[in-house]
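Asker: The structure that follows is given in the form of C-alpha cells.
Residue numbers (the numbering used here), protein chains in the order written: chain C, 310 to 421; chain G, 4 to 129.
Shown next, in the form of C-alpha cells:
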C-alpha cells in the first residue's frame, strides 16, 4: 500500500467499521428488549453461542479500530509538538490493545 | 524563510458564528472521545456480568446506581449523537441530502434528536 493510499484506507475502514458497529448494536439492543428475564444464565448462555460470541469479538475489534482512527485524527488535529503527539498516540495504542486483550480474556473462557 | 500568514483571524470565540453543521461536527468529535472513555467501563461491566450471578447483579445495579446515573445519561447522549451524526455523514458520503438546505435541516434533526434522547435517558434514570 503506497503512502498516498494510506489515508484512503483509514477513511474506508472508519466507514466499514461504523456500519458493522451499527448493525451489531441494533441487534444487541433488540435482543435486550425482547429477552424476557433469563437473568445471569440467559445472558451468559446468549454470549456463549458461537455465532453471538464471534459477532461480539468482531464488534470489539471493529470498535477499537474505529476508536484508533478517530482518536488519531483528533490528536493529529490538536496536538502539534512531535514528542507529545508520539507519546499520546503510543499511550492510546497500548490502551486500546490492552482493552482488546481484556475482551479476549473474557470471551475465550466462555467456550472452554 | 519566514512565512507570513496574513489570512484574517477571528479567534474571539464569541465573534465566530458557527453554522449548525459545524456545531454538529464538533459534537460528533466530543461524543466520540466520551465514548472511547466509556469503553473500559463497558468491558469491565461485561467482565463482571459474566463471572457469576452475584457479578451479574452487581453489574446491573452499577448501571442504575445513584453515582453512575449522570454518567450513564451522558454516555447515552454521546452514543445517540455520535450514531445519528455518523449515519448522517454516511448518507452525505453517498451524496444523499448533500445540498445546503437539506444538510442544515438534517444537522438540526440530529442535534435535537440527540438532545431529546439525552432528556429521555435522564428522565428515566434520574
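Each residue gets a CB set at the ideal place from its N, CA and C atoms; glycine is no exception.
List the residues of chain C that residue 56(G) touches, going by C-beta distances under 7 Å, in chain order.
Answerer: Under the 7 Å cutoff, chain C gives 349.
Asker: Can you tell me where the alpha helix (DSSP H) holding residue 17(G) begins and where it ends?
Answerer: Counting along the chain, residue 17(G) falls outside any alpha helix (DSSP H), and DSSP gives it neither H nor E.
Asker: If the cut is a Cβ gap below 7 Å, which residues of chain G does residue 363(C) touch?
Answerer: By Cβ distance, chain G contributes nothing, its closest Cβ being about 16 Å from residue 363(C), past 7 Å.
Asker: Less than 8 Å between C-beta atoms, sequence neighbours within five positions excluded: which residues of the same chain meet that for residue 129(G)?
Answerer: Only 72, 73, 76 meet the Cβ criterion.
Asker: For residue 372(C), would you say it is in contact with chain G, using Cβ-to-Cβ distances shorter than 8 Å as the test?
Answerer: True, the Cβ-Cβ gap to chain G drops below 8 Å.
Asker: Would you mind reading off the limits of the alpha helix (DSSP H) that contains residue 115(G)?
Answerer: Counting along the chain, the alpha helix (DSSP H) containing residue 115(G) begins and ends at 103–128.
Asker: When you compare only the Cα positions, how much space is there between residue 24(G) and residue 111(G)?
Answerer: If I take the Cα positions, the gap works out to 8 Å.
Asker: Below 7 Å between beta carbons is the criterion; list the residues of the stretch 28–48 of chain G that meet it against any residue of chain C, in chain order.
Answerer: Those would be 32, 35, 36, 39, 42, 43, 46, in chain order.
Asker: Can you tell me whether DSSP reads residue 345(C) as helix, strand or coil?
Answerer: In the structure shown, residue 345(C) sits in coil (DSSP, three-state: anything other than H, G, I, E or B).
Asker: Tell me which same chain residues have a C-beta within less than 7 Å of the C-beta of residue 87(G), skipping the five on either side of it?
Answerer: Excluding positions up to five away in sequence, the list reads 113, 116, 117.
Asker: May I ask which residues mark the beginning and end of the alpha helix (DSSP H) holding residue 67(G)?
Answerer: Run containing residue 67(G): none; DSSP gives neither H nor E here.
Asker: Does the stretch 357–374 of chain C touch the stretch 325–337 of chain C, meaning 3 or more C-beta pairs lie closer than 8 Å?
Answerer: The stretch 325–337 of chain C is in contact with the stretch 357–374 of chain C.
Asker: Closest Cβ-Cβ distance between residue 93(G) and chain C: below 8 Å?
Answerer: Yes - at least one Cβ of chain C is within 8 Å of the one on residue 93(G).
Asker: By DSSP, does residue 471(C) sit in helix, in strand, or in coil?
Answerer: Outside the shown range of chain C, which is 310 to 421, sits residue 471(C), and nothing can be said about it.
Asker: Can you pull the chain G residues whose beta carbon is under 7 Å from the beta carbon of residue 379(C), in chain order?
Answerer: Within chain G, the residues near residue 379(C) are 35.
Asker: Would residue 363(C) be called buried (16 or more neighbouring beta carbons within 10 Å of its own) or exposed?
Answerer: Result: exposed.
Asker: With residue 382(C) as the anchor, note down where its alpha helix (DSSP H) starts and where it stops.
Answerer: Unbroken alpha helix (DSSP H) run through residue 382(C): 359–387.
Asker: Mind checking which residues open and close the alpha helix (DSSP H) that includes residue 48(G)?
Answerer: Its alpha helix (DSSP H) spans residues 23–54.
Asker: Counting contacts by CB-CB distance shorter than 8 Å, is residue 67(G) in contact with chain C?
Answerer: Output row for residue 67(G): interface = no.
Asker: Taking the alpha-carbon positions, what's the residue 17(G) to residue 40(G) distance?
Answerer: Using only the alpha carbons, I get a separation of about 29 Å.
Asker: Can you pull the chain C residues whose beta carbon is under 8 Å from the beta carbon of residue 53(G), in chain order?
Answerer: Result: 352, 353, 356, 415, 419.
Asker: Under three-state DSSP, which class holds residue 78(G)?
Answerer: Residue 78(G): helix per DSSP, three-state reduction.
Asker: Spell out whether any CB of chain G is found under 8 Å from the CB atom of residue 318(C).
Answerer: No, its Cβ sits nowhere closer than 8 Å to a Cβ of chain G.
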